[in-house]
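Numbering (the numbering used here), first residue to last: 1 to 135. Remarks on the structure that follows.
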Amino acid sequence: MSPGHIAALVAAGAFVVLVILLAIPLVKLGRTLDEATVAIRKAHERGDPLLIGANDTITHVNTQLERVDGVTANVQQVSSNASALSSVFTATLGGPLVKTAAFSYGVSKAIKARKQAKAGEVGKHARRTRKRGRK
Numbered sequence: 001m002s003p004g005h006i007a008a009l010v011a012a013g014a015f016v017v018l019v020i021l022l023a024i025p026l027v028k029l030g031r032t033l034d035e036a037t038v039a040i041r042k043a044h045e046r047g048d049p050l051l052i053g054a055n056d057t058i059t060h061v062n063t064q065l066e067r068v069d070g071v072t073a074n075v076q077q078v079s080s081n082a083s084a085l086s087s088v089f090t091a092t093l094g095g096p097l098v099k100t101a102a103f104s105y106g107v108s109k110a111i112k113a114r115k116q117a118k119a120g121e122v123g124k125h126a127r128r129t130r131k132r133g134r135k
């Protein structure tokens, strides 16, 4: 055998080793892709019932939200009616009630002041009488 043949055999052997070394990761990659395909298929099969359930839930929630919107509209109407009633009450009775309360407060203060003034005069008269009796 000539040195050219030996070099060709060594090159062929190195090429076979290279192919074997590259084949191992390719086989592993193929298995990984097969497992990923199976996982995707299972997820798709299990995902359909979940999506159907989610669709039913969203439909139910939308129905309930429509009811809540109706209740909210009624509450807003009641709130505006209460506000209007409060404004009417304040306009018609608020002013006179405040004036009546202020007048009654003033009268009670005047009566108390008058009673205290009379009590003060009685006290002065009693002190004068006592002073005269001692003399």
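Positions of the beta carbon are idealized from the N, C-alpha and C atoms, including for glycine.
Straight-line Cα distance separating residue j from residue i
{"i": "D56", "j": "H44", "result": "19 Å"}
{"i": "G70", "j": "V88", "result": "27 Å"}
{"i": "E121", "j": "R114", "result": "11 Å"}
{"i": "T37", "j": "Q64", "result": "40 Å"}
{"i": "A110", "j": "S83", "result": "38 Å"}
{"i": "Y105", "j": "N81", "result": "34 Å"}
{"i": "V61", "j": "A54", "result": "10 Å"}
Sequence-distant residues of its chain with Cβ nearer than 6 Å to residue i (five each side left out)
{"i": "P25", "result": "none"}
Residues of its chain near residue i, where Cβ-Cβ distance is below 8 Å and the 5 sequence neighbours each way are ignored
{"i": "A117", "result": "none"}
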